[in-house]
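Q: Mind having a look at this structure? Questions to follow.
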Amino acid sequence: RWHGASATIVETENSVVWGVIWELDRSNLSTLDYQEGVQDNIYRVLSVNVETPNGTILNCRVYQQCTNPKEYMKLVDLSMDRRPSPLYLDTILKGAQENNLPTDYIELLKTIPHNGYEGKYDIRYKQVVNIFC
């Protein structure tokens with residue numbers, strides 16, 4: 030639906046992943062899993078310990094692609110099949126900015142090349158809205 034690769038977590042020594050922690054009611058988890066494509070083996074659910082900027086450790090539910098790169102590669106060197114569409118990349122960047130993630134992390138995200146897709150998208154925002162309303 031995004032017409033390109035989507036974000037994932039690749040375990041890499043001495044690296045960090047920034048993101049946003051949302052507190053959800055357990056009754057919403059199946060809807061979130063559906064939104065992330067767990068039933069179609071697009072993503073798998075993981076439970077990881079996350080360190081917040083103030084040092085608090087929280088156990089969080091995260092999603093990792095089932096077909097994940099074997100190892101980290103520089104973002105600027107992503108092969109075409111690992112590149113996001115322009116809309117997806119813009120959505121990730123806006124989310125990082127709106128949630129005040131560190132400037133250096135946002136600048137890193139800006140180095141990710143997109144795949145140049147210029148067609149139509151069917152991203153079904155309605156499903157996402159229903160989870161959080």
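Residue numbers for the sequence shown follow this note's numbering, beginning at 30 and rising by one. Positions of the beta carbon are idealized from the N, C-alpha and C atoms, including for glycine. For clarity, every value in this text was computed on a predicted model and none was experimentally measured.
1. Within 10 Å of its beta-carbon, does Leu118 have 16 or more other beta-carbons around it, so buried, or fewer, so exposed?
2. Less than 7 Å between C-beta atoms, sequence neighbours within five positions excluded: which residues of the same chain meet that for Thr140?
3. Beta-carbon within less than 6 Å of Arg111's beta-carbon, same chain only, minus the 5 sequence neighbours each way: which residues are those?
4. Would Tyr92 be called buried (16 or more neighbouring beta carbons within 10 Å of its own) or exposed?
5. Beta-carbon within less than 8 Å of Val67's beta-carbon, same chain only, minus the 5 sequence neighbours each way: which residues are those?
6. Looking only at its chain, what residues have a beta carbon closer than 8 Å to the beta carbon of Gly148, apart from the 5 residues adjacent to it on each side?
7. Along the chain, where does the beta strand (DSSP E) containing Glu52 start, and where does it finish?
8. Buried or exposed for Ser114, going by 16 or more other Cβ atoms inside 10 Å?
9. Determine which residues share a DSSP beta bridge with Ser35 and list them.
10. With the cut-off set at 8 Å, would you say Val49 and Asn128 are in Cβ contact?
11. In the DSSP assignment, what are the bridge partners of Glu80?
12. Below 8 Å between beta carbons: does that hold for Val45 and Asn97?
13. Pop quiz: Asn70 and Cys95 are said to be a contact at Cβ under 8 Å. What is the actual Cβ separation, rounded to whole angstroms?
14. So, helix, strand or coil for Val74, using DSSP?
A: The answer reads as follows:
1. Counting from one through the sequence shown, the residue named residue 118 turns up at place 89. Classification for Leu118: buried.
2. Taking the first residue of the sequence shown as 1, we reach residue 140 at position 111. Within the same chain, Thr140 has close Cβ partners Leu104, Val105.
3. Taking the sequence shown and counting its residues from 1, the one referred to as residue 111 is at position 82. Excluding positions up to five away in sequence, the list reads Ala34.
4. Looking up residue 92 in the sequence shown gives position 63. Burial call: buried.
5. One-based indexing of the sequence shown puts residue 67 at position 38. Result list for Val67: Arg73, Val74, Tyr92, in chain order.
6. As a working note, residue 148 is residue 119 in the sequence shown. The answer, listed in chain order, is His32.
7. Residue 52 sits at position 23 when you count from the first residue of the sequence shown. First-last for Glu52: undefined, no H or E at that position.
8. Working through the sequence shown from its first residue, we reach residue 114 at position 85. It counts as buried.
9. Your numbering for residue 35 matches position 6 in the sequence shown. BP columns for Ser35 are empty, so no partner.
10. On the sequence shown, position 20 is the one that residue 49 refers to. On the sequence shown, position 99 is the one that residue 128 refers to. Yes, these two residues count as a Cβ contact at 8 Å.
11. Against the sequence shown, residue 80 aligns to sequence position 51. Glu80 is bridged to Ile86.
12. Here residue 45 refers to the residue found at position 16 when the sequence shown is read from its first residue. Here residue 97 refers to the residue found at position 68 when the sequence shown is read from its first residue. No, the pair does not count as a contact, with Cβ atoms beyond the cut-off.
13. As a position in the sequence shown, residue 70 is number 41, starting the count at 1. As a position in the sequence shown, residue 95 is number 66, starting the count at 1. With a Cβ gap of about 5 Å, Asn70 and Cys95 count as contacting.
14. The count along the sequence shown starts at 1 and reaches residue 74 at position 45. If DSSP states are grouped into helix, strand and coil, Val74 belongs with the strands.
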